[in-house]
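Presented below is the structure to which this report refers.
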Amino acid sequence: MYLADRAAPAREDSAERTGRAGRTGRKAGAAVRRRAPAVAPVVLALGAVSLITDVSSEMVTAVLPLYLVVGLGLSPLGFGTLDGVYNGVSALVQLTGGHLADRVRDHKLIAGIGYGLSALCKPLLLLVHGLGPLGVVLALERTGKGLRTSPRDALISLSTPAEHRGRAFGVHRAMDTTGAVLGPVTAFLILRAATDGYDAVFGVSACVAVLGVVVLVLFVPGRAASARPAGPVPAQAAEPPEPVTAAAPPAPASASAPAAPDAPATPVDLREAVRLLRLPRLRALTLCAVLLGLTTVSDAFVYLLLQHRAGIGEEWFPLLPLGTASVFLLLAVPAGVLADRIGRRTVFLAGHAGLLAAYALLLWAPGVPALPYLVLALHGSFYAATDGVLPAAVADVVPEALRGSGLALVGTGQALARFCCSLAFGAAWTVWGDSRALLGSAVALLLGAAVAGVVLRSPTAVRTTPARIS
Amino acid sequence: MTPKRRLLVLVVSVLLLAGLGTGFVLHAASRAADTNQARAGDPTVTAGGVGLDQRARIAFVNSAPGPHRTEVAAVPAAAPGAARTAAQLKCARFYAASGTGVCLQSGLGVVSQTNRAVVTDAALHTEHTFALAGTPSRARVSPSGHLVAWTVFVGGESYGAAFFSTRTSIVDTRTWQLQSNLEDFAITLNGSRYHAVDDNFWGVTFAADDDTFYATLGTGGHTYLMRGSVAHRTVVSVGVQNVECPSLSPDGTRIAFKKRILGGASLWHEYVLDLRTLKQTPLAEHRSVDDQAAWLDDRTVAYALPHEGDVKSTDLWSVPADGSGAARLLIRDASSPAAL
Chain A
1 MYLADRAAPA REDSAERTGR AGRTGRKAGA AVRRRAPAVA PVVLALGAVS LITDVSSEMV
61 TAVLPLYLVV GLGLSPLGFG TLDGVYNGVS ALVQLTGGHL ADRVRDHKLI AGIGYGLSAL
121 CKPLLLLVHG LGPLGVVLAL ERTGKGLRTS PRDALISLST PAEHRGRAFG VHRAMDTTGA
181 VLGPVTAFLI LRAATDGYDA VFGVSACVAV LGVVVLVLFV PGRAASARPA GPVPAQAAEP
241 PEPVTAAAPP APASASAPAA PDAPATPVDL REAVRLLRLP RLRALTLCAV LLGLTTVSDA
301 FVYLLLQHRA GIGEEWFPLL PLGTASVFLL LAVPAGVLAD RIGRRTVFLA GHAGLLAAYA
361 LLLWAPGVPA LPYLVLALHG SFYAATDGVL PAAVADVVPE ALRGSGLALV GTGQALARFC
421 CSLAFGAAWT VWGDSRALLG SAVALLLGAA VAGVVLRSPT AVRTTPARIS
Chain B
1 MTPKRRLLVL VVSVLLLAGL GTGFVLHAAS RAADTNQARA GDPTVTAGGV GLDQRARIAF
61 VNSAPGPHRT EVAAVPAAAP GAARTAAQLK CARFYAASGT GVCLQSGLGV VSQTNRAVVT
121 DAALHTEHTF ALAGTPSRAR VSPSGHLVAW TVFVGGESYG AAFFSTRTSI VDTRTWQLQS
181 NLEDFAITLN GSRYHAVDDN FWGVTFAADD DTFYATLGTG GHTYLMRGSV AHRTVVSVGV
241 QNVECPSLSP DGTRIAFKKR ILGGASLWHE YVLDLRTLKQ TPLAEHRSVD DQAAWLDDRT
301 VAYALPHEGD VKSTDLWSVP ADGSGAARLL IRDASSPAAL
């Protein structure tokens with residue numbers, strides 16, 4: 001049974017690639033204005049960075065148990081504790097990363113540091129052989145991941161007009177998840193070519209991670225370009241004439257108002273970031289993210305419950321995350337597009353309805369062979385409908401200058417809430433058993449979703465942007 | 001930077017990194033090929049039958065470089081340095097008793113490992129195969145050969161890399177009835193019923209009655225020695241903490257186990273616990289032992305230790321079970337000892 005749980009911020013990550021990104025900026029921009037929707041080159045570039053980086057990370061993840069137990073002859077128990085502790089730290093790092101990026105007004109720099117740190121960790125895996133040092137390396141890797149998440153999402157949102165952000169985040173998440181699926185495949189291909197070639201897996205993983213950083217540096221526009229969407233930089237040509245922040249409610253009294261993007265802008269400091277919480281819409285979103293995060297049973301428990309209650313064979317257990325990932329990657333873009341069309345709130349809530357349906361199926365556990373597929377499909381749909389849609393909704397209400405901090409705030413709130421949920425769920429499972437723990441989560445999720453439905457309905461709500469389109 | 005130059009930089013980086021990556025893979029592949037070549041001075045290994053019903057022999061997983069690497073092999077107990085006979089059965093972990101063998105294998109699927117437990121007869125022919133949920137860790141057969149147990153590590157899901165749990169199963173070879181998870185047994189800890197989501201069992205060892213077993217229960221950051229009954233599906237704490245990978249002596253009076261010396265660190269010392277007095281005796285092995293020891297007879301235990309200067313292979317060592325004497329090298333390039 002699980003010692004601890006991950007409750008890490010929902011899957012993310014990135015990689016980029018594509019030579020097209022920077023080059024075709026102007027042309028793509030023109031095309032965008034003619035046909036409605038294209039995805040900004042920056043988004044494709046960041047998606048490629050995420051894809052590549054995820055291939056790299058998941059390669060390591062896939063072989064780690066084998067490496068520890070068979071390669072090094074270690075007992076990896078006890079890692080769980082460390083992991084649990086680290087989840088909290090990771091969330092705080094995310095907050096730091098988002099705020100720092102706003103502060104230095106260079107999201108690319110902070111994201112780059114995050115990607116770079118993770119890349120540096122890969123060759124270190126070749127050098128360490130004990131559980132302790134290995135734990136430290138993996139912790140550093142996660143620090144990099146935490147650092148880059150918010151600046152990267154800020155870059156995506158800053159490069160995309162509000163009415164297409166759902167799609168943009170959907171494209172990014174789909175590419176990201178593709179990397180997560182390709183990683184293990186790559187790793188096992190290498191192990192097949194070289195028996196016990198764990199060092200080769202780590203080495204190749206390092207090379208892949210470096211490539212991700214290279215693509216980021218080359219094809220994601222830096223400070224001048226991305227922080228000033230109104231600027232004349234080609235990569236930004238996709239921006240429609242109206243300012244992105246039109247969708248945002250009036251900013252607080254602070255100087256961070258979206259106006260004058262070219263003014264040297266007052267420095268972003270912590271006080272201003274804290275003042276973000278005065279934005280009623282952001283408060284509402286944070287509240288909902290936390291509330292729903294508190295009722296989101298972590299993946300590990302979902303798979304464990306699935307195995308417990310659907311009685312699937314042991315050999316399928318390692319493949320369950322793949323089921324979720326496949327559905328996630330297939331539906332991420334459609335869900336994002338749908339969020340742009342009919343409103344983020346609707347899709348976000350529908351995603352949680354999907355999760356609720358998955359819980360219900362697990363509780364009911366009918367003895368049909370389709371059960372695991374249905375649960376995984378619902379679980380994947382939940383991610384598709386929420387993982388990219390939430391940041392898209394957050395971006396709508398946070399002024400550009402504080403975009404990173406705003407995204408980080410919601411992301412951290414959600415991650416910490418999910419972590420608490422894991423602890424609580426574990427305790428509930430211990431005291432009440434799995435079905436009553438799950439029933440409790442389902443009821444809580446229902447209440448949370450109801451509250452979210454009401455809270456998010458306010459007039460300034462998510463509706464602002466989509467309403468204009470429909 | 002112009003788009004053209006950017007593209008050039010990308011192409012050059014891809015080529016360089018691809019070259020480097022290929023280098024890593026080729027290097028590992030050639031090293032893997034090397035391990036299939038016997039080196040001068042290595043123990044001689046010849047193909048042949050390994051009969052689990054033979055007496056006075058030690059079976060183990062051979063890790064000496066050569067074509068028989070990772071195969072089950074055997075040597076005479078009186079001359080463990082002698083030439084090895086290797087059977088064509090490759091295992092990550094192995095154990096045998098009274099003509100029954102259990103071989104945990106780890107293969108590679110397309111996107112995940114494929115792990116299985118193979119229960120064999122005395123001639124190492126497969127009798128039954130069970131799919132496993134994770135990476136093989138421990139394996140045991142009861143003295144009668146009727147009960148078989150194994151522990152695997154189950155990794156977390158994507159990005160939860162750094163989190164693991166165990167799953168321990170017991171199968172009765174007479175009925176092939178599988179108890180797939182010891183966590184489903186009724187647990188009594190320090191006198192009261194206990195169940196926690198972080199329960200982990202590992203390292204089963206069987207008594208001679210085909211029912212009683214001992215195992216480690218890890219929960220809430222502590223490890224407990226548990227005594228269980230397969231028939232009643234119960235486990236009860238014995239009252240001794242910090243006991244991992246127990247191994248019951250042939251006479252059923254003592255348990256060899258590894259004791260964590262430093263909290264958090266992977267440092268264990270091998271001890272023997274007298275079940276009548278609960279007195280613990282440290283053994284004369286001063287290095288960290290991370291293995292489930294096997295009793296060669298009522299006076300000696302054997303276990304694997306990493307090869308000096310090479311973490312990737314292990315040697316078998318033995319040490320007197322009463323705390324006297326000193327550890328001595330038993331079998332080079334080997335793991336998973338089982339006295340036949």
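Chains as they are written, first to last, in the UniProt record's numbering: chain A, 1 to 470; chain B, 1 to 340. No residue lacks a Cβ here, since even glycine has one placed at the ideal position from N, Cα and C.
Practice problem: Can you tell me which of the three DSSP states residue 450 of chain A falls into? | Solution: Stepping through the first sequence from its first residue, residue 450 of chain A is reached at position 450. If DSSP states are grouped into helix, strand and coil, residue 450 of chain A belongs with the helices.
Quiz item: Using a Cβ-Cβ distance under 8 angstroms, would residue 157 of chain B count as near chain A?
Solution: Locating residue 157 of chain B in the second sequence gives position 157, where the first residue counts as 1. With a pLDDT of only 40 at residue 157 of chain B, under the threshold of 50, the placement of this residue in the model should not be trusted; the figure read from the coordinates follows. At least one chain A Cβ lies under 8 angstroms of residue 157 of chain B.
Self-check item: Cβ distance (whole Å) where residue 386 of chain A is taken to contact residue 336 of chain A below 8 angstroms
Solution: Mapped onto the first sequence, residue 386 of chain A falls at position 386. Mapped onto the first sequence, residue 336 of chain A falls at position 336. Going by Cβ atoms, the distance from residue 386 of chain A to residue 336 of chain A rounds to 11 angstroms, so no, they are not a contact pair.
Practice problem: Closer than 6 angstroms by C-beta to residue 101 of chain A: which residues in its own chain qualify, once you throw out the five before and the five after it? Chain order, please. | Solution: Residue mapping note: residue 101 of chain A aligns to position 101 of the first sequence, counting from 1. For residue 101 of chain A, where only same-chain residues beyond five positions count, the Cβ hits under 6 angstroms are 107, 110, 151, 404.
Exercise. Buried or exposed for residue 328 of chain B, please, with buried defined as at least 16 other CB atoms from any protein chain shown within 10 angstroms of its CB.
Key: Numbered from 1 along the second sequence, position 328 holds the residue referred to as residue 328 of chain B. Residue 328 of chain B is exposed by the Cβ-count criterion.
Self-check item: Beta-carbon neighbours of residue 317 of chain A, restricted to chain B and to distances below 8 angstroms
Solution: Position 317 of the first sequence, counted from the start, is the residue given in the question as residue 317 of chain A. Going along chain B in sequence order, the residues near residue 317 of chain A (Cβ under 8 angstroms) are 133, 134, 154.
Exercise. Give the DSSP-derived three-state secondary structure of residue 202 of chain B in the structure shown.
Key: Reading the second sequence from its first residue, position 202 is the one you call residue 202 of chain B. Strand.
Self-check item: Spatial neighbours of residue 326 of chain B in its chain, beta-carbon cut-off 6 angstroms, leaving aside the 5 residues before and after
Solution: Locating residue 326 of chain B in the second sequence gives position 326, counting from the first residue. 284, listed in sequence order.
Quiz item: Would the stretch 304–324 of chain A and the stretch 110–127 of chain B be scored as touching if the rule is three or more Cβ pairs under 8 angstroms?
Solution: In short, these stretches touch, since the Cβ pair count reaches three.
Quiz prompt | Nonlocal neighbours in the same chain, by C-beta distance under 6 angstroms from residue 267 of chain B, ignoring five residues either side | solution = Along the second sequence, one-based indexing puts residue 267 of chain B at 267. 261, 288, listed in sequence order.
Quiz item: Can we say the stretch 167–182 of chain A touches the stretch 119–135 of chain A, given the rule of at least three CB pairs closer than 8 angstroms?
Solution: Touching, no.
Quiz prompt | residue 418 of chain A: first and last residue of the uninterrupted alpha helix (DSSP H) it sits in | solution = Translated into positions along the first sequence, residue 418 of chain A becomes position 418. Segment 403–432, the alpha helix (DSSP H) holding residue 418 of chain A.
Self-check item: Contacts around residue 310 of chain A, its chain only, beta-carbon distance under 6 angstroms, and the 5 residues preceding and following it disregarded
Solution: The residue labelled residue 310 of chain A in the question sits at position 310 within the first sequence. Around residue 310 of chain A: 371, 372.
Quiz prompt | Per-residue contacts from residue 133 of chain A into chain B (C-beta, under 8 angstroms) | solution = Taking the first residue of the first sequence as 1, we reach residue 133 of chain A at position 133. Residues of chain B passing the Cβ test: none, with the nearest at roughly 10 angstroms.
Quiz item: If the cut is a Cβ gap below 9 angstroms, which residues of chain A does residue 27 of chain B touch?
Solution: The residue given as residue 27 of chain B occupies position 27 in the second sequence. Within chain A, the residues 194, 197, 199, 200, 203 have their CB atoms less than 9 angstroms from the CB of residue 27 of chain B, given in chain order.
Quiz item: DSSP state of residue 347 of chain B, grouped into three classes?
Solution: With chain B represented from 1 up to 340, any question about residue 347 of chain B goes unanswered, as that position is not in the structure.
Quiz item: Among B:227, B:178, B:87, which one has its Cα closest to the Cα of residue 150 of chain B?
Solution: Counting from 1 along the second sequence, the entry for residue 150 of chain B is found at position 150. When only C-alpha atoms are compared, the closest one is B:178.
Quiz item: Is it right to say residue 29 of chain A is buried, meaning 16 or more other beta carbons lie within 10 angstroms of its own, or is it exposed?
Solution: On the first sequence, residue 29 of chain A is found 29 positions in, with the first residue counted as 1. At residue 29 of chain A, the pLDDT of 41 sits below 50, so the modelled position is not reliable and the matter cannot be decided from this model.
Exercise. Could you have a look at residue 226 of chain B and say whether DSSP puts it in helix, strand or coil?
Key: Translated into positions along the second sequence, residue 226 of chain B becomes position 226. Strand at residue 226 of chain B.
Exercise. Put residue 292 of chain B into one of helix, strand or coil per three-state DSSP.
Key: Here residue 292 of chain B refers to the residue found at position 292 of the second sequence. Three-state result, residue 292 of chain B: coil.
Practice problem: Could you check if residue 259 of chain B is buried or exposed, using at least 16 other CB atoms within 10 Å of its CB as the buried criterion? | Solution: Numbered from its first residue, the second sequence carries residue 259 of chain B at position 259. By the 10 Å Cβ count, residue 259 of chain B comes out buried.
Self-check item: Inter-residue Cα distance where the pair is residue 37 of chain B and residue 228 of chain B
Solution: Start at 1 with the first residue of the second sequence, and residue 37 of chain B comes out as number 37. Start at 1 with the first residue of the second sequence, and residue 228 of chain B comes out as number 228. Approximately 45 angstroms between the Cα atoms of the pair.
Quiz item: Listing by chain order, which chain A residues have their CB less than 8 angstroms from the CB of residue 188 of chain B?
Solution: Here residue 188 of chain B refers to the residue found at position 188 when the second sequence is read from its first residue. For the C-beta of residue 188 of chain B, not a single chain A residue is nearer than 8 angstroms; the gap to the nearest is close to 15 angstroms.
Practice problem: Let me know the secondary structure DSSP gives residue 121 of chain B once reduced to three states. | Solution: In the second sequence, counting from the first residue as 1, residue 121 of chain B sits at position 121. In the structure shown, the three-state DSSP call for residue 121 of chain B is coil.
Practice problem: Provide the residue(s) that pair with residue 130 of chain B in DSSP beta bridges, ordered along the chain. | Solution: Walking along the second sequence from the start, residue 130 of chain B turns up at place 130. Looking at the DSSP output, residue 130 of chain B shares a beta bridge with B:117.
Quiz item: By the 10 Å Cβ neighbour count, where 16 or more other Cβ atoms means buried, how is residue 88 of chain B classified, buried or exposed?
Solution: Numbered from its first residue, the second sequence carries residue 88 of chain B at position 88. Exposed, since its Cβ has fewer than 16 Cβ neighbours within 10 Å.
Quiz item: Counting pairs of Cβ atoms below 8 angstroms between the stretch 395–403 of chain A and the stretch 416–426 of chain A, do you hit three or more?
Solution: Not touching, per the Cβ criterion.
Self-check item: Spatial neighbours of residue 6 of chain B in its chain, beta-carbon cut-off 6 angstroms, leaving aside the 5 residues before and after
Solution: Here the question's residue 6 of chain B lines up with position 6 in the second sequence. Non-local C-beta neighbours of residue 6 of chain B in its own chain, meaning closer than 6 angstroms and more than five positions away in sequence, are absent.
Exercise. Kindly indicate if chain A contains any beta-carbon less than 8 angstroms away from that of residue 128 of chain B.
Key: Here residue 128 of chain B corresponds to residue number 128 of the second sequence, with the count starting at 1. By this cut-off, residue 128 of chain B is not an interface position.
Quiz item: Listed from N- to C-terminal order along the chain, which residues in the stretch 98–120 of chain B have their beta-carbon within a distance smaller than 9 angstroms of any beta-carbon of chain A?
Solution: Those residues of the stretch 98–120 of chain B that come within reach of chain A (Cβ to Cβ, closer than 9 angstroms) are 106, 108, 109, 110, 111, 112, 113, 114, 115, 116.
Exercise. Note down, in chain order, each residue of its chain lying with its Cβ closer than 7 angstroms to the Cβ of residue 222 of chain B, except the 5 sequence neighbours on either side.
Key: By one-based count along the second sequence, residue 222 of chain B stands at place 222. Excluding residues within five positions, the ones whose Cβ falls inside 7 angstroms are 241.
Quiz item: Roughly how many angstroms separate the alpha carbons of residue 122 of chain B and residue 46 of chain B, rounded to a whole number?
Solution: Taking the second sequence and counting its residues from 1, one reaches residue 122 of chain B at position 122. Taking the second sequence and counting its residues from 1, one reaches residue 46 of chain B at position 46. The alpha-carbon separation between residue 122 of chain B and residue 46 of chain B amounts to approximately 19 angstroms.
Exercise. Starting from the beta carbon of residue 190 of chain A, find every residue of chain B whose beta carbon is closer than 7 angstroms, and list them in chain order.
Key: In the first sequence, the residue the question calls residue 190 of chain A occupies position 190. From the beta-carbon of residue 190 of chain A, the residues of chain B found nearer than 7 angstroms are 25.
Self-check item: Proximal chain A residues relative to residue 17 of chain B, where beta-carbon distance stays under 7 angstroms
Solution: The count along the second sequence starts at 1 and reaches residue 17 of chain B at position 17. The contact set of residue 17 of chain B on chain A, defined by CB atoms closer than 7 angstroms, consists of 207, 210, 211 in chain order.
Self-check item: Exposed unless 16 or more other CB atoms sit within 10 angstroms - verdict on residue 16 of chain A
Solution: For the purposes of this step, residue 16 of chain A is identified with residue 16 of the first sequence, where counting begins at 1. Here the model assigns residue 16 of chain A a pLDDT of 34, short of 50, so the residue's position is not dependable, and the following value carries that caveat. By the neighbour-count definition (other C-beta atoms within 10 Å, threshold 16), residue 16 of chain A is a buried residue.
Quiz prompt | 8 angstroms Cβ cutoff, residue 184 of chain A in contact with chain B | solution = Looking up residue 184 of chain A in the first sequence gives position 184. Using a Cβ-Cβ cut-off of 8 angstroms, residue 184 of chain A counts as an interface residue toward chain B, since at least one Cβ of chain B sits closer than that to its own.
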